[in-house]
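Protein chains in written order, with the working numbering: chain A, 1 to 390; chain B, 391 to 780.
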């Protein structure tokens, strides 16, 4: 993958800045995207239109030299870090070292993401470097538009996702029902934790790691971020939301299905049908030039027409539609563009989720989520998994 | 677990600050430790000696109200975020909202960790809030001393670790040797990826998630952070380094063993024996009042006595002992105290690794790692796993 950094060059030029800097570990996807390298402990990197440099500890030097998309790979010892540390203490020594590294790369002023550590920012400012937080988050914005290779990475993660979802569906639909809960063949209750574990084992077998997995049934499903625990209920919706990360590519996918084993109440059935209608309305709206806000509005319109509250009409709503319609997916499981209030214009190569849901505290919830890529004339659905409640 | 925040109160008092603030997601263990709550998207929290407050989106409000160790749980809609967003744009709206929330908690000045996002720091400063990075990292320092409950969490993660290590050892020692590589029963080469997968499945079955797992053999083992890939070599050391996180408690453990299937060279054997001697010397040095630096020096002394280079005597060394002796382990797999150059005084309740190793580019490496807790009169080794190369 060879990212197109011309927008980054323009940003630096427009703002009169020499480079774009990072100081973070491999949880920072902007850094990974720009430097082509990650490490478990924080390291420093700077992009300039002429060259990219990374500054790492001895421990990471060999790997950085091999892996980083960088013209300059330096290590702490190149800047006499230990001597500086004796003289100035560990923090000030670090800022002095980084300032010297920036000087060697001809950088007197850098843009940084909002998330850049304030300790390093203030430390570099004391060394005379201009550090200018970038409110536009230009690197995230560049990352939002995926290359063909990146889309293929998401596809691969989504195939693993479908295998894991099939395993979850098999466990839930195949369970017996006893005293209102689902029961495994061996007579033990089927729990959220058991289904999560089986999902995650399936993901591992498909080369994926996991952040977390949601298997939430009954009243637990009313909280959209609740992971779920304990025996799963019969006759009630169980939300299964899986968002694996491929270990090699580091790209994610994201999909949700809602399953009932048994006979759901009319209220649950209606919430599912209306959610499905909102889901289809959102997909119909996806095309280049439409904004994420408009796609979200298509969902809100359906829910409102059926009398369900939403946080977009009543920000303090605790039932109904209480989250956004979707989000970008890539190196992060939540990234730009936003498919919500304020969401940007969609462009070909944007990979987004469409995931409306309805929730009722004390009762439960339903959600349906596919992942799609915006194309020149609409979208391609990257998801291949049936949508069915019972 | 009820952390002791008296040191935090002292820090704020000494520095004349009203509170200690966080703006991050659940990857920030300091935030999780103080607020008792994590979320996948960034949220704001502030600790004051009188009360702790968290400010979350509607989506997280229910869970935060239940889970957070907070006296005040507010949500964006309490501060008219949507109206502010229309008026000021998303970033400025966020800073205004947080400034109002701080005002409601009586905070005009806050300490923040070095890693606090500079965008938020600068935004709050524009709103008249003093934001003062804390070079002492007082929350990490408080976290370094574990309660009995926390030590029990590490023990539990370590039991999972031992089960996973046993699975890895069984696969490696039980493999056949063919043309210089290890071979599974089905005739396929035994790869790093296969052993990693089996380790991670075992961890999942024991309630643990994983960050990553190192199974690196032959020349790959010369790079201490290389994960390893491809067929594993016969007759050469394979480093297996496992650092699981218990999903419920979120606490980690960390252990490394090095295995050879076959007949290692004399150079490999010697590196292993000397590493073992350094390992024992380090353990002998662990007791309250000794510094992490002194424990590290015990390792350096053994390696120097046997003629191996170290980065502590030659900072640019690429062979020999090229990383630190150890690190604290808890909510983060790498945390304070440091067992390295500059490492702090050890205190009862510190949980640290002891993990010397020797590496030779082009040939390979060996490492031995246990995890121990410092006690009133020495240490207790939390690791129960045999140490044996062949």
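Positions of the beta carbon are idealized from the N, C-alpha and C atoms, including for glycine.
Within chain A, partners of residue i - CB distance below 7 Å
i                      : result
residue 614 of chain B : 59
residue 511 of chain B : 118
Per-residue contacts from residue i into chain A (C-beta, under 9 Å)
i                      : result
residue 595 of chain B : 197, 201
residue 475 of chain B : 341, 342
residue 444 of chain B : Near residue 444 of chain B there are no residues of chain A at all, since even the closest Cβ is about 14 Å away, more than 9 Å.
residue 713 of chain B : 57, 58, 59
residue 754 of chain B : Chain A residues near residue 754 of chain B: none, gap ~13 Å exceeds 9 Å.
residue 647 of chain B : Result: empty, since nearest Cβ-Cβ is about 20 Å, beyond 9 Å.
Burial state of residue i, where buried means 16 or more other Cβ atoms lie within 10 Å
i                      : result
residue 247 of chain A : buried
residue 381 of chain A : exposed
residue 657 of chain B : exposed
residue 103 of chain A : exposed
residue 218 of chain A : buried
residue 774 of chain B : exposed
residue 399 of chain A : With chain A covering 1 to 390 only, the question about residue 399 of chain A has no answer from this structure.
residue 15 of chain A  : exposed
residue 755 of chain B : buried
residue 106 of chain A : exposed
residue 128 of chain A : exposed
residue 623 of chain B : buried
residue 503 of chain B : buried
residue 6 of chain A   : exposed
residue 536 of chain B : buried
residue 343 of chain A : buried
residue 510 of chain B : buried
residue 644 of chain B : buried
Boundaries (first-last residue) of the beta strand (DSSP E) holding residue i
i                      : result
residue 413 of chain B : 409 to 414
residue 445 of chain B : 442 to 446
residue 34 of chain A  : First-last for residue 34 of chain A: 29 to 35, but that is the alpha helix (DSSP H), not the beta strand (DSSP E).
residue 566 of chain B : 566 to 568
residue 402 of chain B : Segment 396 to 404 is the alpha helix (DSSP H) holding residue 402 of chain B; no beta strand (DSSP E) there.
residue 762 of chain B : 760 to 765
residue 380 of chain A : 378 to 381
residue 387 of chain A : Segment: none, residue 387 of chain A is in no beta strand (DSSP E) and carries neither H nor E.
residue 74 of chain A  : 72 to 75
residue 351 of chain A : 351 to 354
residue 641 of chain B : From DSSP, residue 641 of chain B is part of no beta strand (DSSP E); its letter is neither H nor E.
residue 436 of chain B : 433 to 437
Endpoints, the alpha helix (DSSP H) within which residue i is located
i                      : result
residue 669 of chain B : 656 to 675
residue 489 of chain B : 480 to 494
residue 753 of chain B : Neither: residue 753 of chain B is in no alpha helix (DSSP H) and is coded neither H nor E.
residue 632 of chain B : Taken as a continuous stretch (DSSP letters only), residue 632 of chain B belongs to no alpha helix (DSSP H), being part of the beta strand (DSSP E) at 628 to 636.
Chain E within 7 Å of residue i, Cβ atoms only
i                      : result
residue 508 of chain B : Protein chains A and B are contained in the structure displayed, whereas chain E is not.
Whole-number beta carbon distance between residue j and residue i, since they are thought to touch under 8 Å
i                      : j                      : result
residue 746 of chain B : residue 672 of chain B : 6 Å
residue 425 of chain B : residue 446 of chain B : Not quite, the Cβ-Cβ distance comes to about 10 Å (not below 8 Å), so this is no contact.
residue 408 of chain B : residue 500 of chain B : 7 Å
residue 628 of chain B : residue 562 of chain B : 6 Å
residue 758 of chain B : residue 669 of chain B : 5 Å
residue 261 of chain A : residue 358 of chain A : Not confirmed; about 20 Å, so no contact.
residue 205 of chain A : residue 587 of chain B : 7 Å
residue 215 of chain A : residue 165 of chain A : Not quite, the Cβ-Cβ distance comes to about 11 Å (not below 8 Å), so this is no contact.
residue 339 of chain A : residue 302 of chain A : Between residue 302 of chain A and residue 339 of chain A the Cβ distance is about 15 Å, and since that is not below 8 Å, they are no contact.
Contacts that residue i makes with chain B (C-beta to C-beta distance below 8 Å)
i                      : result
residue 149 of chain A : Under the 8 Å cutoff, chain B gives no residues; its nearest Cβ is about 20 Å from residue 149 of chain A.
residue 91 of chain A  : 504, 525
residue 131 of chain A : 508
residue 82 of chain A  : 705, 731
residue 177 of chain A : Result: empty, since nearest Cβ-Cβ is about 26 Å, beyond 8 Å.
residue 77 of chain A  : 701, 705, 706
residue 96 of chain A  : What residue 96 of chain A touches in chain B: nothing, since even the nearest Cβ is about 14 Å away.
Amino acids of chain A, ordered along the chain, whose beta-carbon sits closer than 8 Å to that of residue i
i                      : result
residue 655 of chain B : Those do not exist, as residue 655 of chain B stays about 22 Å from chain A at its closest Cβ, beyond 8 Å.
residue 718 of chain B : Correct list: empty, because the minimum Cβ distance to chain A is about 13 Å.
residue 417 of chain B : 27
Neighbouring residues, chain B, relative to residue i (Cβ below 7 Å)
i                      : result
residue 311 of chain A : 448
Chain-ordered chain B contacts of residue i [CB-CB under 9 Å]
i                      : result
residue 40 of chain A  : 601, 602, 615, 723, 724
residue 367 of chain A : None at all; the shortest Cβ gap to chain B is about 12 Å.
residue 63 of chain A  : 613, 615, 616
Inside the segment 686 to 727 of chain B only - beta strand (DSSP E) runs reaching at least 3 residues
716 to 718
Ordered list of beta strand (DSSP E) runs contained in the segment 163 to 231 of chain A, each at least 3 residues
176 to 178, 181 to 183, 208 to 217
Where are the beta strand (DSSP E) runs, 3 residues long or more, that stay fully inside the segment 110 to 148 of chain A, in chain order?
130 to 133
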